[in-house]
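Protein chains in written order, with the numbering used here: chain A, 820 to 1153; chain B, 820 to 1153; chain C, 17 to 396; chain D, 17 to 396.
One structure is given here, and the rest of the page talks about it.
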Ligand SMILES: Cc1ncc(C[n+]2csc(CCOP(=O)(O)OP(=O)(O)O)c2C)c(N)n1
Ligand SMILES: Cc1ncc(C[n+]2csc(CCOP(=O)(O)OP(=O)(O)O)c2C)c(N)n1
Ligand SMILES: [Mg+2]
Ligand SMILES: [Mg+2]
């Protein structure tokens, strides 16, 4: 075994590195979006790429999201691998028609003769004090649209690995970047980056025996923190990071829940009609007789994303997760 | 008690009547959309309204759904009660940005000073042999958007009552019309139409003791048929028609499931990320100890809506519902 | 810098960013639609091209009537006829080189067929056995776009991609007058103009979007006047004059190929049939209007030109028609066969690899089909 | 009718639908932006108006610097400054009657404040205590629109609604150069034109959309050239010449009020500050460019005009500035107070009546807050 020099890197740096490596490895990769060229994007994820690879590989578009995604569809139809950046979650909505009616359906519509190898990067979620329309968790929309892969990394290594996998995929991938993790750091070897992950697999981030926290993206660090805090209460929590919402890794999730017999789904997205309902329902379908308690959900409230000064009340925090764990019927009911 | 003369009427006629009565009762009601004027809409739901009430009350717009909904928002901001017609489910997607970022949020954004009394009529679902983009079940998108009411009638009387209630509501209502029920008939007294229903309440359409079918819109008739067929197998099924997806009537649904101890959610929409996940999850959260089996789902497949010649395989039918009922663990597991 | 400090710098000049920009004059359309047939310009037209256009027009009309007939026999779920618009359909297909791409809207199966796609494949969507019937890459013909105008940005992206790859490819995208109101129309034209992408936008202004007349769709002097707002040329042409449509499109394609960027072409035409077989056009237009347009029929215009110039005779006309009849008979015959369908295909092309969830659903359907077959077997 | 039968009807005529349409010439903008200050036209301008504009410009500039300072003190989450664009902001607000409506974009809090909204309310969104701080109906000022261009169809709908009700109301909607690329811009202008709605669209072309320069946004001769494509007049004005912006907008508002329909106004201006306090403008533009525009400062242009015509003197200028300082000090002071917030309000305005589900969630939060307070109490 060789020892690799692990250096701290940010989530954002890992994404940039993934884009850079993809551009270098495959001439059919092109990046487009608002401000992705000269500026390097408002989050600087494409920083330096236009300078290094030229304006034709990483370029600014006019300000029109349907146009961005629609032209990217055309580029993919011609065999390129476009990587689109949407500036913020809510600003992807103008492109919804292109996404739902074309991106998701082109392969199916043409019996597989016209695949769309297209990555749509969307910074999503809250916790950064953004004003309205800058903190939406829009994954429920994409999950409900067959034909899309929906992927969201929660660690620095996954930021790299999953983005490489998304760009390499022959299917369209909605790649959701938890924007409040952009500046999170981890030890990571940028000179020997993690190999491309096989997409679609969840991973157990922390093993435990009392109950399973099922989560993804921005809520992973919160869940890990909650799991630490739970030790004080005598609970040994397992934490599963989904990484891919579509396809969904029933195997890993259900194996964990069968082991623990209890589960809480945690996400920032609103509860009603959000991802947690699907997850709770499918886990229950598959693990009913293993469950000691109903699968509970800790999620954002069913309200428009709050203004910055109130967002901390909205976001699922450690206490709210522990409250839910406490409600998992630890004592047999009468 | 006076006897009323019940006449057969179609679902479509009841909708037309609701629009007509709303126009007559309230001068602030205006109907707009593609082809709603002279033509009376492609489904003829606005037939005769422009002629009766004038071009300013029911008018054709340019062909642009974001523009239609966006201008309707402006009309509502000025105190009118616009009723928008989207021509088909998938053609509402270009308006998604206006819906998610403005329609759903305007009241909240302005602390209640700028409500939007706005009805968005969307013919939805399949079963009519429509080519692609003409048969989507898009309710999951709307359910996941706080600030919207989501309502869908399944009977002739509800077509009238719920549409009147939607137009009378001070909140925006996404009013989903199951297009394959447009030509369904029922006895209904058009001269003394059902009074406006209190919105947000589910209703038990058929009582039964073995299990509950939870459904809405286009799947209600299928569920009622399945319940009849189930008698042969010795099952006495209860059928709940949700009518309103947002708000959700936990009370009625859970009361039924607590009685029967078993439930199947039935809808046309795709299963993954669809309404059934939310419904199954919340019923399980609330009724866990009453459940003899996990809440199952019978839904459309997780694929783009199929071409006309294959749609019958996609749509939840009586047999598929009965298969699910059979899986409700009637004999105790080992 | 405070207001106070800035005072000294006062220079009463025009805004610094202001430079004389592109001259708008050449971008504006002529006041009258371009015409060739029946005008002196017709003498310049290539007789062979005129003859080819004529043959395709006759076939096209016959194709339209045949497809409409198939709806009555229940062999097509729906058919949006392009009767009256054949000049646009045919010219759009013929003007392109083999390597070029065509982006049709839902009404444009005739252009698709004229480009060489098997008519049965072209009609697959409307028959209902699948969505797109042909392999788009094999024919360089994009799928029919039902959501209006959404195909326009695809054409721009594809043309841009071809340029990025150094390929000499032009994309021609078709849209209706109603479709010009959609945001996607605007975004596509703007992207094309900024990128100078080799795209030609052909608007068939047939006077209606289902029941909505042009006057409720736009207040513009013409749809071609939209071009100047994107900094590209707008051209106006008589959409029933096949020679004129071909000429205007040909110039636009050449311009695009030479790196001159996109062009917006408005072809003024008329939809003789109802919106689709399911539509009742008498609700929103008069017979007189339709009759007036029948007098400006694209086939007649060209046939008269050819006849008057001695480029075709009665026998030649009859031969073309016979040929079209044969095509129609063959199409009818093939469409009368039930397509063979495998419901399990539903799961095959959602993703490159079906997800575990889809495999599960596929197995369920398979079991159902098996049970069904067994029941049928038992009943027999 | 078969092809054969139709042959007899041949009439070589122009397409029946073709009529000479609206003359496009008057809809096209002048080749140079309209200017008043420093030109002979200034002599016609109302001195009182010029003075009022000047006062508002000085206040506006001070408001911009104050708000930017508040971001540094953490009192505002973010501030998109309109320094350099005050002439547009101020003229847009002053040109409207009380009953008219203003539709601001996210950069336009200065227009909102100039229209009379309390600056603390105008800054609520950017401070982060709520979304919209004022009652839109009370002020006839729509919420700041963050999703670009989406407010434009609202303005059209509202203006149309007012006409339907017989009210004499004009809507003025503001948008940036970048925003003109969005589909909503197109749809709004088209609806307005077809409906002849009383709307004025003011595009502040400040050269950039964040980092993207106008040349990557459009290839049009000018943004005002887009108007003819909708059949409405396009006007071009020096956006730093407050008198010119006011005049052009005033004419457009009058035209709208008189039933003449919408106008598109492009004001050529420049964003002197970065996109927001969070942006680094040195990444995409040169100091020279900024300096050139500082020499065309809207305050200086007007101050010089007033001074040269003896409409103001040093004392007058000083008085105006002092006033602005007082305003700024008052704003600073008020913004330094922490807003009082009730987290339970989150649930109050989602629907007219909170749903049972929201009541449940509200109770949960209430319990959490109570527990938090008790813990804090215990800790004390
Ligand atoms: C986005 C979208 N909205 C609505 C429709 C429904 N629709 C189908 S055809 C049509 C009218 C199209 O008019 P036009 O663009 O002029 O084309 P034409 O039918 O005249 O060829 C409408 C409204 C659609 N297909 N797509
Ligand atoms: C629909 C949408 N897409 C993207 C953004 C992100 N964004 C905020 S401001 C801006 C640039 C706007 O440029 P312009 O319209 O010229 O206005 P300016 O900032 O110059 O005032 C962008 C891209 C947004 N707010 N809305
Ligand atoms: Mg048309
Ligand atoms: Mg700008």
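Backbone N, C-alpha and C fix where the C-beta goes; we use that ideal spot for every residue, glycine too.
Requested in this report: Report the residue from 853/B, 826/B, 1067/B and 1006/B whose alpha carbon sits nearest the alpha carbon of residue 230/C.
Outcome: Minimum Cα distance to residue 230/C is reached at 853/B.
Query - Proximity winner among 194/C, 178/C, 227/C and 197/C, relative to residue 214/C (alpha-carbon distances) - result: 178/C
Requested in this report: Please state whether DSSP places residue 853/A in a helix, a strand or coil.
Outcome: coil
Query raised in the report: So, helix, strand or coil for residue 879/A, using DSSP?
Result: Of the three classes helix, strand and coil, the one that applies to residue 879/A here is strand, per DSSP.
Requested in this report: Using a threshold of 9 Å, state whether the C-beta atoms of residue 1023/B and residue 1034/B are closer than that.
Outcome: no
Query raised in the report: What are the boundary residues of the beta strand (DSSP E) that includes residue 163/C?
Result: Membership of residue 163/C in any beta strand (DSSP E) is not indicated, and neither H nor E is assigned to it by DSSP.
Query raised in the report: Are the C-beta atoms of residue 923/B and some chain A residue less than 9 Å apart?
Result: yes
Query raised in the report: Does any residue of chain B bring its CB to less than 9 Å from the CB of residue 378/D?
Result: no
Query raised in the report: Roughly how many whole angstroms lie between the Cα atoms of residue 281/D and residue 201/D?
Result: Pairing residue 281/D with residue 201/D, the inter-Cα distance amounts to about 13 Å.
Report task. Just confirm the distance between the C-beta atoms of residue 1004/A and residue 833/A, as a whole number of angstroms; I'd bet it's less than 8 Å. Result -> 10 Å between Cβ atoms; not a contact.
Query raised in the report: Does any CB atom of chain B fall closer than 9 Å to the CB of residue 122/D?
Result: no
Query raised in the report: Alpha carbon to alpha carbon, what distance is there between residue 1091/A and residue 41/C?
Result: 56 Å
Query - Residue span of the beta strand (DSSP E) that contains residue 192/C, given as start and end - result: 187–192
Query raised in the report: Just how far apart, CA to CA, sit residue 915/A and residue 885/A?
Result: 7 Å
Query raised in the report: Around the C-beta of residue 926/A, are 16 or more other C-beta atoms found within 10 angstroms, so that it is buried, or is it exposed?
Result: buried
Report task. Could you tell me which of 974/B, 837/B and 1128/B sits nearest to residue 848/B, measuring between CA atoms? Result -> 837/B
Report task. Check distances from the C-beta atoms of the region 188–200 of chain C to those of chain B and list, in chain order, the residues that come in under 7 Å. Result -> 194, 195, 197, 198 and 199
Requested in this report: Name the residue from 1075/B, 1124/B and 961/B whose alpha carbon lies nearest to the alpha carbon of residue 948/B.
Outcome: 1124/B
Query - Cα-Cα separation, residue 318/D to residue 54/D - result: 9 Å
Query raised in the report: If you drop the 5 nearest sequence neighbours on each side, which residues of the same chain put their C-beta closer than 6 Å to that of residue 997/A?
Result: 944, 1036 and 1037
Query raised in the report: Opposite residue 1007/A in the DSSP bridges: which residues?
Result: 826/A
Query raised in the report: In chain order, what residues place their C-beta within less than 7 Å of a heavy atom belonging to ligand 4?
Result: 192/D, 193/D, 194/D, 220/D, 221/D, 222/D, 223/D, 224/D, 225/D and 287/D
Query raised in the report: Going by the CB atoms, is the gap between residue 970/B and residue 935/B shorter than 9 Å?
Result: The Cβ-Cβ distance between residue 935/B and residue 970/B does not fall below 9 Å.
Query - Where the alpha helix (DSSP H) containing residue 939/A begins and where it ends - result: Per DSSP, residue 939/A belongs to no alpha helix (DSSP H); it is in the beta strand (DSSP E), 938–943.
Query raised in the report: With a Cβ-Cβ cutoff of 9 Å, do residue 234/C and residue 285/C count as a contact?
Result: no
Requested in this report: Examine ligand 1 and report whether any of its heavy atoms sits within less than 8 Å of the Cβ of residue 913/B.
Outcome: Yes; taking the cut-off as 8 Å, the Cβ of residue 913/B has a heavy atom of ligand 1 nearer than that.
Query raised in the report: Looking only at C-alpha atoms, which of 1048/A, 860/A and 882/A sits nearest to residue 1145/A?
Result: 1048/A
Query raised in the report: Which value, in whole angstroms, describes the spacing of the CA atoms of residue 1112/B and residue 963/B?
Result: 27 Å
Requested in this report: Please compile the residues from chain D whose C-beta is within a distance smaller than 7 Å of the C-beta of residue 950/A.
Outcome: 93, 94, 141, 142, 144 and 162
Report task. From the DSSP output, in three-state form, read off residue 333/C for me. Result -> helix
Query raised in the report: Just to confirm, are residue 191/D and residue 160/D a CB contact at a threshold of 9 Å?
Result: For residue 191/D and residue 160/D, no; Cβs fall outside 9 Å.
Query - Enclosing beta strand (DSSP E) for residue 1060/B [first to last residue] - result: It spans 1056–1060 - the beta strand (DSSP E) in which residue 1060/B sits, taken as one unbroken run.
Query - Outcome for residue 19/D when other beta-carbon atoms lying within 10 angstroms are tallied against a minimum of 16 - result: Only weak support exists for where residue 19/D lies, its pLDDT of 36 falling under 50; the value from the coordinates is given anyway. Label assigned to residue 19/D: buried.
Query raised in the report: Is there a Cβ from chain D that is less than 9 Å from the Cβ of residue 43/C?
Result: yes
Query raised in the report: So residue 950/A packs on residue 968/A, CB below 8 Å; how close in whole Å?
Result: Contact doesn't hold; Cβ gap of about 30 Å is too wide.
Requested in this report: Return no unless some Cβ of chain B is closer than 9 Å to the Cβ of residue 217/C.
Outcome: no
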